[in-house]
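2 protein chains.
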Amino acid sequence: MKAELECLPCLVRQAVEEVNISSPDSLLRRKIMRRCFAFMSETDLEKTPPEIAGGIARIISRMTGVEDPYKLIKSAHTKTALKMVPEMDSVISQSDDPFLTGLKLAISGNIIDLGARERVSDADIIRILDEAMSMPLRGVDPGRFKAEIERAGSILYLADNAGETVFDRKFIEQLPGKKITVAVRGAPAINDATLEDARDAGLDRVATLVENGSGIPATVLSDCSPEFREIFENADLIISKGQGNYESLSSSDAAIYFLFKVKCDLVAYHSGFPVGSQVLLKPSDSATDA
Amino acid sequence: MKAELECLPCLVRQAVEEVNISSPDSLLRRKIMRRCFAFMSETDLEKTPPEIAGGIARIISRMTGVEDPYKLIKSAHTKTALKMVPEMDSVISQSDDPFLTGLKLAISGNIIDLGARERVSDADIIRILDEAMSMPLRGVDPGRFKAEIERAGSILYLADNAGETVFDRKFIEQLPGKKITVAVRGAPAINDATLEDARDAGLDRVATLVENGSGIPATVLSDCSPEFREIFENADLIISKGQGNYESLSSSDAAIYFLFKVKCDLVAYHSGFPVGSQVLLKPSDSATDA
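First to last, the protein sequences are chains C and W. Residue 267 in numbering that gives the first Met the number 0 is what sits at position 268 of the first sequence, and the numbering runs on without skipping anything. Residue 258 in numbering that gives the first Met the number 0 is what sits at position 259 of the second sequence, and the numbering runs on without skipping anything.
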C-alpha cells in the first residue's frame with residue numbers, strides 16, 4: 000500500500016512524539032525535525048507509510064543516540080497486558096469457541112498501537128479491550144481461517160506491538176500441536192515488539208521466536224534478513240498482525256491472513272472496512288466473505 | 000506565540016488540504032509537498048504558526064497558480080451565514096442584553112475555521128452555533144469590555160474567517176455610533192476574509208473596511224502595510240477575532256481584546272483555557288477576571 004498525502008500529517012505527528020520521547024533538549028528537537036523535513040522533501044513519497052516512518056526513526060535515533068525510545072512504554076504495556084492474563088484465560092475457558100475467542104483477543108490486542116494513535120493508558124487498554132471483545136469480526140470467515148491453520152505444516156506469525164504480544168500468546172495457545180514461528184522486528188521500531196519484548200510477553204514459551212532483521216515498523220521484505228525471507232517464503236501460512244504489516248504486505252501474493260484494527264481513513268479505503276473495524280482479511284484470495 | 004513542535008503535524012495537515020483543493024494532479028501534489036517539506040526544513044520553527052502557514056501557502060499558490068483556493072468554500076460559508084441572519088436578529092432582539100448576545104454570536108462565528116479544523120459543513124455550522132450560544136464566555140468580564148468600547152474614539156476590528164464576518168456584522172450592529180474600522184487580509188490566506196469576502200458579508204454597511212496588506216492567516220505586523228500599521232497604532236481599542244490573530248498578537252502590548260474559540264492544546268496552554276472554550280481575553284492588562 001503506497002503512502003498518500005493524507006499519511007504525511009500522521010508521519011509528522013509520529014516524528015514529533017518520537018523526538019519528544021527521545022530528547023528533552025528543545026534546540027536539538029527542532030534541529031531533528033528540520034532534518035526529518037529535509038528527509039521528507041527528498042524521499043520517495045510513494046513508498047509504504049512504514050518505510051517513510053522507518054527513515055524518520057533512523058534520523059531521530061542517530062541524532063539523539065537513543066536506540067529504543069519506547070523501551071519503557073513497551074515494558075509498561077507488556078506488564079499491563081500480563082496482568083490481564085487471568086482475565087483472558089477465564090474468557091477463553093468460558094467460551095463455546097476458544098479458537099474464535101482467542102482470535103478476537105489477538106485482534107483486540109492491536110489497540111496498543113502508538114504508530115496510529117496517541118499514547119494509550121492502562122485504563123484505556125482495559126476499557127477498549129472490553130469493547131473490542133464485544134465487537135464483530137469482519138472480513139473472512141474465521142472457520143475458513145481455522146481450517147487453513149489446521150492444514151498448514153508451518154505457520155509464520157508476524158507480531159506487531161509490545162503488549163499486544165501477550166494477546167497473541169493467548170491465541171497461539173489455542174493452536175496446540177502447530178509448529179509456529181513468531182517474527183519480531185530486528186531492531187526497535189516505535190513500540191513494535193523486539194525479541195526482548197516478545198520474551199517478556201512469554202511468547203518464547205508457545206512459539207519459536209525469530210527476528211526479521213529490519214527496524215521498520217512493518218514487514219518490508221527488501222529490508223529484512225535473508226534468513227527471515229527464507230522462513231517467509233517457506234511458510235505454508237502467514238498470520239500478520241496490525242496495520243503496519245498490512246501496509247507493507249497487502250499486495251503480496253503469499254498466503255497471508257491479516258488480523259488488525261482499521262485505524263485510519265486510508266487503510267479503511269484500501270481494505271474496504273470503516274475505521275474502528277476489527278478485520279480478518281486474506282487479499283491473496285480473490286473471493287472473501289465480506 | 001511561538002510555534003511548538005506540536006504545531007507541525009497541524010501545519011502539514013493544512014498544507015495537504017490546501018494542495019488537494021488547489022490541484023487534482025497527483026504528481027504535482029507530491030512535488031509541492033516535497034517543496035513544502037524543504038521549506039519547513041529551512042524555516043525558523045520559532046516563528047508564529049500562521050507565519051509558517053503563510054510561507055507554505057505561498058509555495059502552494061506559486062506552484063499551482065491558484066491564488067485563492069478557498070474562494071468557493073469561503074463564498075459558501077458566507078452564504079450559509081447570511082441565511083442565518085434572520086435567526087441571529089431574532090436571538091438578539093429577544094435578548095435582555097443585546098451587547099452580550101451579539102458578542103457571543105461573534106465568538107460563535109469563529110467555529111468557521113479551516114485552519115484549525117477539518118472541513119465544516121452547513122449543518123455543522125448551524126448545530127455548533129446553537130451549542131456555542133449556550134456556552135459560557137470565559138476570560139474578561141464583558142461589562143468591562145463594553146465600558147472600554149464606549150470610551151474608545153476609534154476601534155479597529157481584526158476580522159478572521161469568511162462567513163464568521165456575518166456574525167461580526169451582527170455584533171458591530173450592537174455598537175451604534177462607534178467609529179469602527181474592520182481590517183481583512185490583504186491577500187487570500189486559507190479561508191480568512193479578504194475585502195471581497197467582507198463585502199459579501201455586508202460588513203461595508205456597518206464599518207470602514209481596510210486591507211492589512213498581508214497574505215498571512217493572522218496579523219503579523221512586520222508583514223502588514225505601513226497604512227495598516229498606522230491604523231493599528233492609532234486605534235484606541237483593538238478587537239481581534241480568532242486564533243490566528245491571537246497567535247500573532249498575543250505578546251503585543253497594544254490594547255487588544257481577543258475573541259476566539261480555543262481550538263488546540265498549545266493555545267489552550269498559552270491562554271489558560273481548555274480546548275473548546277469561548278474566550279474574551281486582554282493579555283495587555285495584568286489582572287483579568289478569569
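Ideal Cβ positions, reconstructed from N, Cα and C, are used throughout, including at glycine. Keep in mind it's a predicted model, so treat the numbers as computed, not measured.
Check: residue i C-beta below 8 angstroms from any heavy atom of the ligand FAD
i	result
L136(C)	Looking at this structure, you won't find the ligand FAD or any other ligand, since it has none at all.
Residue from the options with nearest C-alpha to residue i
i	options	result
V205(C)	G185(C), A192(C), I171(C)	I171(C)
R290(C)	S224(C), G214(C), F166(C)	It is not possible to answer for residue 290(C), since the shown part of chain C is limited to 0 through 289.
N160(W)	I72(W), I91(W), R143(W)	I72(W)
G138(W)	A2(W), A267(W), P8(W)	A267(W)
R33(C)	E130(C), D43(C), A14(C), E86(C)	A14(C)
G162(W)	K178(W), L202(W), S221(W), K177(W)	L202(W)
Y69(C)	E195(C), A105(C), K46(C), K103(C)	E195(C)
S40(C)	P23(W), V11(W), G53(W)	V11(W)
M62(C)	L208(C), F231(C), K30(C)	K30(C)
D167(C)	S221(C), L27(C), T77(C), H269(C)	T77(C)
Y156(W)	G176(W), V209(W), R143(W), R198(W)	V209(W)
G53(C)	P85(C), S74(C), A80(C), E17(C)	E17(C)
S60(W)	L4(W), P85(W), R28(W)	R28(W)
G126(W)	R228(W), N233(W), A80(W), A197(W)	Gly is not the amino acid found at residue 126(W); the sequence shown has Arg there. Closest option to R126(W), Cα to Cα, is A80(W).
S133(C)	F257(C), I20(C), D252(C), S94(C)	S94(C)
S319(W)	R143(W), T164(W), F36(W)	Since the first residue of chain W shown is 0 and the last is 289, residue 319(W) is not available in this structure.
S21(W)	F36(W), L4(W), I55(W)	I55(W)
S221(C)	S251(C), G241(C), D24(C), R198(C)	S251(C)
N233(C)	K281(C), G271(C), G152(C)	G152(C)
G64(C)	T207(C), P23(C), S89(C)	P23(C)
M0(C)	E50(C), D96(C), S89(C), G275(C)	E50(C)
Spatial distance of residue i from residue j (CA atoms)
i	j	result
P48(W)	D140(W)	28 angstroms
L279(W)	F259(W)	7 angstroms
D191(C)	S239(C)	13 angstroms
C6(W)	L265(W)	8 angstroms
G101(W)	P273(C)	41 angstroms
S107(W)	L99(W)	12 angstroms
A186(W)	A158(W)	13 angstroms
I110(C)	K169(C)	16 angstroms
M87(W)	L174(W)	16 angstroms
Q277(W)	L136(W)	5 angstroms
A115(C)	S283(C)	Legend: pLDDT at A115(C) = 48, less than 50; position of this residue unreliable, no value from coordinates given.
M83(C)	I91(W)	57 angstroms
A146(W)	L236(W)	11 angstroms
E66(W)	A182(C)	51 angstroms
F38(C)	L44(W)	16 angstroms
I154(W)	D129(C)	57 angstroms
A2(W)	T218(W)	15 angstroms
K46(C)	A200(W)	45 angstroms
A131(W)	K103(W)	8 angstroms
E149(W)	K178(W)	11 angstroms
G176(C)	L248(C)	27 angstroms
C9(W)	K262(W)	11 angstroms
G241(W)	L4(C)	28 angstroms
A197(W)	R184(C)	56 angstroms
P97(W)	H269(W)	30 angstroms
A105(W)	A122(W)	18 angstroms
S89(W)	N19(W)	39 angstroms
G271(W)	G142(W)	21 angstroms
G275(W)	K281(W)	18 angstroms
CB-CB length for residue i against residue j, believed under 8 angstroms
i	j	result
G212(C)	S224(C)	3 angstroms
P216(W)	A254(W)	Not quite, the Cβ-Cβ distance comes to about 23 angstroms (not below 8 angstroms), so this is no contact.
T180(C)	I230(C)	6 angstroms
F227(W)	Y245(W)	The pair is not a contact, with the Cβ atoms about 18 angstroms apart (cut-off 8 angstroms).
M36(W)	F144(C)	According to the sequence displayed, residue 36(W) carries Phe and not Met. That pair is no contact at about 41 angstroms.
Chain-ordered chain A contacts of residue i [CB-CB under 8 angstroms]
i	result
N19(W)	Judged by its chain identifiers, the structure shown contains no chain A, and its protein chains are C and W.
Query - Chain-ordered residues of the segment 27-38 of chain W with a beta carbon less than 9 angstroms from chain C - result: Within the segment 27-38 of chain W, the qualifying residues are R28, R29, M32, R33, R34, C35, F36, A37, F38.
Query raised in the report: At a Cβ cut of 9 angstroms, what residues of the segment 259-274 of chain C count as close to chain W, listed as they run along the chain?
Result: The segment 259-274 of chain C vs chain W, Cβ under 9 angstroms: nothing.
Query raised in the report: Taking any Cβ of chain W, which residues in the segment 39-52 of chain C have a Cβ under 8 angstroms from it, in chain order?
Result: Taking 8 angstroms as the Cβ-Cβ cut-off against chain W, the residues of the segment 39-52 of chain C that qualify are M39, S40, E41, L44, E45.
Query raised in the report: Which ranges would you report for the beta strand (DSSP E) in the segment 13-51 of chain C if only whole runs of at least 3 residues count?
Result: DSSP runs (the beta strand (DSSP E)) wholly in the segment 13-51 of chain C: none.
Query - Sequence ranges, alpha helix (DSSP H) only - wholly within the segment 123-155 of chain W, length at least 4 - result: Listed in chain order, they are 141-150.
Query raised in the report: In chain order, which alpha helix (DSSP H) runs of at least 4 residues are fully inside the segment 209-257 of chain W?
Result: If one requires a minimum length of 4 residues, the alpha helix (DSSP H) runs lying completely within the segment 209-257 of chain W are 225-233, 241-248, in chain order.
Report task. With 7 angstroms as the limit, tell me which residues of the segment 3-16 of chain C have their beta carbon closer than that to any beta carbon of chain W; keep them in chain order. Result -> Correct list: L4, E5, L7, P8, V11, R12, V15.
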